[in-house]
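Here's the structure, in structure tokens; my notes come after.
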Amino acid sequence: MADDNPTATSPELPEEGTLEASPPSPPVPETDQETPLSPPLILTNKESTVSPPSPPVPPPEEESQETPLSLPLILTSKETAFSPPPSSTTIGELIEHPERQRPIPINKIPESMVSFKEESNKVKDLSDLEKVSLTEFKQLLQEAITGKDSNFSSNSEEPSSETKSNHEEISIWGIPLLKDERSDVILLKFLRARDFKVKDSFLMLKNTFLWRKAFSIDDLVDENLGDGLEKVVFMHGYDKEGHPVCYNVYGEFQDKELYQKTFSDEEKRTRFLKWRIQFLERSIRKLDFRPGGINTIFQVSDLKNSPGPGKRELRLATKQALQLLQDNYPEFVAKQVFINVPWWYLAFYSMMSPFMTQRTKSKFVFASPARTAETLFKYVGPEHVPIQYGGLSVDYCDCNPEFTVDDPAAAVTVKPTTKQTVEIIVHEKCTIVWELRVVGWEVSYSAEYVPKNEGNYTINIQKPKKLAATDEPVISHRFKVNELGTLLLTIDNPTSKKKMLLYRFKVDPFVE
1 MADDNPTATS
11 PELPEEGTLE
21 ASPPSPPVPE
31 TDQETPLSPP
41 LILTNKESTV
51 SPPSPPVPPP
61 EEESQETPLS
71 LPLILTSKET
81 AFSPPPSSTT
91 IGELIEHPER
101 QRPIPINKIP
111 ESMVSFKEES
121 NKVKDLSDLE
131 KVSLTEFKQL
141 LQEAITGKDS
151 NFSSNSEEPS
161 SETKSNHEEI
171 SIWGIPLLKD
181 ERSDVILLKF
191 LRARDFKVKD
201 SFLMLKNTFL
211 WRKAFSIDDL
221 VDENLGDGLE
231 KVVFMHGYDK
241 EGHPVCYNVY
251 GEFQDKELYQ
261 KTFSDEEKRT
271 RFLKWRIQFL
281 ERSIRKLDFR
291 PGGINTIFQV
301 SDLKNSPGPG
311 KRELRLATKQ
321 ALQLLQDNYP
331 EFVAKQVFIN
341 VPWWYLAFYS
351 MMSPFMTQRT
361 KSKFVFASPA
371 RTAETLFKYV
381 GPEHVPIQYG
391 GLSVDYCDCN
401 PEFTVDDPAA
411 AVTVKPTTKQ
421 TVEIIVHEKC
431 TIVWELRVVG
441 WEVSYSAEYV
451 PKNEGNYTIN
461 IQKPKKLAAT
471 DEPVISHRFK
481 VNELGTLLLT
491 IDNPTSKKKM
501 LLYRFKVDPF
511 VE
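In UniProt numbering, the protein residues as written are 1 to 512.
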């Protein structure tokens with residue numbers, strides 16, 4: 001099936017890779033497997049100038065506890081959700097007998113074989129067979145609703161005859177399932193999750209309604225579940241295609257107090273799952289389900305300081321959350337990027353890779369700590385990437401920044417042992433404001449203003465200054481321009497590694 005379930009690539013690990021849904025967790029000494037949860041310009045010569053831009057569930061165990069959020073019995077289809085290719089060696093055997101694995105180059109990242117491209121949600125763009133499947137799906141749904149199938153109700157109570165007769169009240173994520181242009185987009189998600197097999201898609205939708213009713217998911221959206229997890233999962237900015245970006249920060253669970261508060265017993269794990277589902281439900285309701293709209297989320301999972309394979313409680317909660325997401329939230333992932341990936345995670349992924357579908361792998365991207373910022377910038381503009389991940393975006397609650405995500409930034413590669421100069425030509429009296437950063441610093445920075453009139457002296461705004469990785473991540477300056485000229489921003493990279501310079505500027509009116 002073309003669900004978001006994991007499935008196949010070679011165990012080799014080139015520099016970058018891709019997959020879908022949440023990825024598998026690190027190896028554990030158990031026979032089963034678990035999986036974690038879940039908006040420039042380059043210079044080549046030694047002394048160059050740059051024209052500036054225009055002004056936010058571990059391996060299953062044989063007998064894992066089921067949380068109250070898991071429906072004990074769901075209607076089943078003849079087709080299994082996970083069918084690995086025939087093999088004489090099982091995943092469990094690989095975990096217990098690591099000597100059977102092929103050698104793993106742990107210093108490399110899985111490389112993408114196929115780049116996933118989201119399909120159109122406009123009916124006119126569908127193939128003839130897909131149009132037929134969509135029509136049949138809608139007919140099945142119409143018959144179920146008019147036939148008073150109690151499964152298709154948002155409420156846990158038996159729906160009244162008045163509710164049954166009003167088809168527009170049968171909705172999911174706030175979208176009516178019939179007589180609304182947005183309903184086609186919803187139904188296409190379920191069809192794509194089941195390879196346009198109409199009966200399987202209908203069964204998946206029915207099971208989703210059963211689960212939502214059993215646990216009052218619509219009521220959960222407005223429930224007060226407290227706080228404390230805002231740094232674990234949060235939305236921040238948009239990718240280059242307009243998808244909202246969701247960050248999942250596993251390293252936060254290194255805090256023992258937070259870990260105990262979240263996972264120490266079944267009741268707390270259930271509360272965490274409810275909080276995670278509530279967060280997702282609220283995020284989904286902000287998406288645009290009109291044909292052609294943005295209705296998927298760009299997911300980033302930060303594995304820096306992530307608890308290792310020994311944290312059983314986290315693995316259980318993550319596995320349960322993953323299963324719920326796969327079963328009830330089809331096709332909501334635009335891209336899944338894993339950053340600060342440790343070697344053991346890549347090793348386990350290489351074992352799981354042969355069991356993952358090409359569609360799944362095409363949505364996943366992995367980045368080592370050294371390539372985290374570079375990888376993020378491929379998909380998300382620097383002005384949208386949080387400062388802690390190498391970007392320029394700040395938390396607007398903490399300060400009053402000169403720049404916002406609406407101010408585009410340029411990215412420039414500074415080659416080893418070279419200087420790069422950004423040249424900004426000023427055509428009028430003004431106050432020019434700029435900010436810049438070099439990811440990881442270990443460079444020297446200087447700024448000067450060269451008046452157009454050759455008889456005037458160059459003005460040193462910032463003498464060459466060495467900057468270390470521990471210095472302020474972003475440098476900001478303001479300069480009042482009294483006469484026309486050129487602003488020069490110079491970065492001297494003495495190291496043997498290439499560096500990435502990010503910068504942006506704007507012009508404010510001149511004030512005497």
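We treat Cβ as the ideally placed atom computed from N, Cα and C, and that holds for glycine.
Please return the same chain residues whose Cβ sits closer than 7 Å to the Cβ of residue i, not counting the five positions on each side in sequence.
| i | result |
| --- | --- |
| ASP288 | ILE294 and ASN295 |
| GLN254 | ASN305 and PRO307 |
How should residue i be labelled, buried or exposed, when 16 other C-beta atoms within 10 angstroms of its C-beta is the threshold for buried?
| i | result |
| --- | --- |
| ASN482 | exposed |
| LEU205 | buried |
| PRO464 | exposed |
| ASP406 | exposed |
| GLN326 | buried |
| ARG212 | buried |
| ILE425 | exposed |
| ASN456 | exposed |
| LEU487 | buried |
| ARG504 | buried |
| GLN320 | buried |
| LYS335 | buried |
| residue 551 | There is no way to answer for residue 551, as the model of the chain reaches only from 1 to 512. |
| ASP239 | buried |
| LEU129 | exposed |
| VAL185 | buried |
| ASP508 | exposed |
| GLU181 | exposed |
Quick one: what does DSSP say residue i is sitting in, helix, strand or coil?
| i | result |
| --- | --- |
| THR208 | helix |
| VAL341 | coil |
| PRO494 | coil |
| ASN224 | coil |
| PRO354 | helix |
| PHE289 | coil |
| TYR259 | helix |
| residue 536 | The structure shown does not extend to residue 536, since the chain is modelled only from 1 through 512, so no value can be given for it. |
| PRO330 | coil |
| VAL232 | coil |
| PHE505 | strand |
| LYS499 | strand |
| LEU191 | helix |
| THR458 | coil |
| THR470 | coil |
| SER393 | strand |
Please indicate yes or no: does the CB of residue i lie closer than 6 Å to some heavy atom of the ligand MN?
| i | result |
| --- | --- |
| VAL450 | This structure does not include the ligand MN; it has no bound ligands of any sort. |
When you compare each of the options to residue i by their alpha carbons, which one comes out closest?
| i | options | result |
| --- | --- | --- |
| ASN460 | LYS466, SER444, THR135 and TYR449 | TYR449 |
| LYS378 | VAL414, ASP407 and PHE298 | PHE298 |
| SER350 | PHE366, VAL333, LYS179 and SER283 | PHE366 |
| TYR389 | VAL422, VAL300 and ILE475 | VAL300 |
| PHE190 | ALA214, ASN328, HIS243 and ILE175 | ASN328 |
| VAL341 | ARG312, THR372, LEU324 and LYS363 | THR372 |
| THR249 | GLY237, LEU229 and SER264 | Checking the sequence shown, residue 249 turns out to be Val, not Thr. Of the candidates GLY237, LEU229 and SER264, the one whose C-alpha sits nearest the C-alpha of VAL249 is LEU229. |
| SER444 | SER283, LYS498, GLU257 and ILE491 | ILE491 |
| ARG282 | GLU241, GLU266, VAL233 and ARG269 | VAL233 |
| LYS231 | ARG276, ASP218 and THR146 | ARG276 |
For the beta strand (DSSP E) holding residue i, just list the boundary residues, first then last.
| i | result |
| --- | --- |
| GLN420 | 418–426 |
| ASP302 | 297–302 |
| GLU435 | 430–438 |
| residue 522 | Within the shown structure, residues of the chain are numbered from 1 to 512, placing residue 522 beyond reach of any answer. |
| LEU280 | Segment 266–284 is the alpha helix (DSSP H) holding LEU280; no beta strand (DSSP E) there. |
| LYS480 | 475–481 |
| TYR449 | 443–451 |
| TYR247 | 244–249 |
| VAL414 | 410–414 |
| PHE196 | Premise fails: PHE196 is in no beta strand (DSSP E) and is neither H nor E. |
| VAL365 | 364–366 |
What are the boundary residues of the alpha helix (DSSP H) that residue i is part of?
| i | result |
| --- | --- |
| VAL132 | 128–146 |
| TYR379 | 372–379 |
Take residue i and list the residues in its own chain whose beta-carbon comes closer than 8 Å to its own, dropping the five residues that flank it on each side.
| i | result |
| --- | --- |
| SER496 | PRO416 and THR417 |
| HIS427 | LEU484 |
| residue 513 | Because the chain here runs from 1 to 512, residue 513 falls outside it and cannot be looked at. |
| GLY292 | SER120, ASN121 and LYS122 |
Here's a check: name, in chain order, each residue in its chain whose Cβ is nearer than 6 Å to the Cβ of residue i, leaving out the five neighbours to either side.
| i | result |
| --- | --- |
| ASN166 | Low confidence applies to ASN166: its pLDDT is 48, below 50, so where it sits in the model is not reliable enough to give any reading. |
| LYS452 | LEU484 and GLY485 |
| PHE479 | ILE432 and ILE461 |
| MET489 | In the sequence as displayed, the identity of residue 489 is Leu instead of Met. Same-chain partners within the cutoff: VAL422 and ALA447. |
| CYS246 | PRO56, MET235, ILE297 and GLN299 |
| ILE170 | ILE145, PHE152 and LEU177 |
| PRO369 | ASN340 |
Give a yes or no on whether 7 Å exceeds the smallest Cβ distance from residue i to chain B.
| i | result |
| --- | --- |
| SER133 | Annotation note: the requested chain B is absent from the structure, which comprises a single protein chain. |
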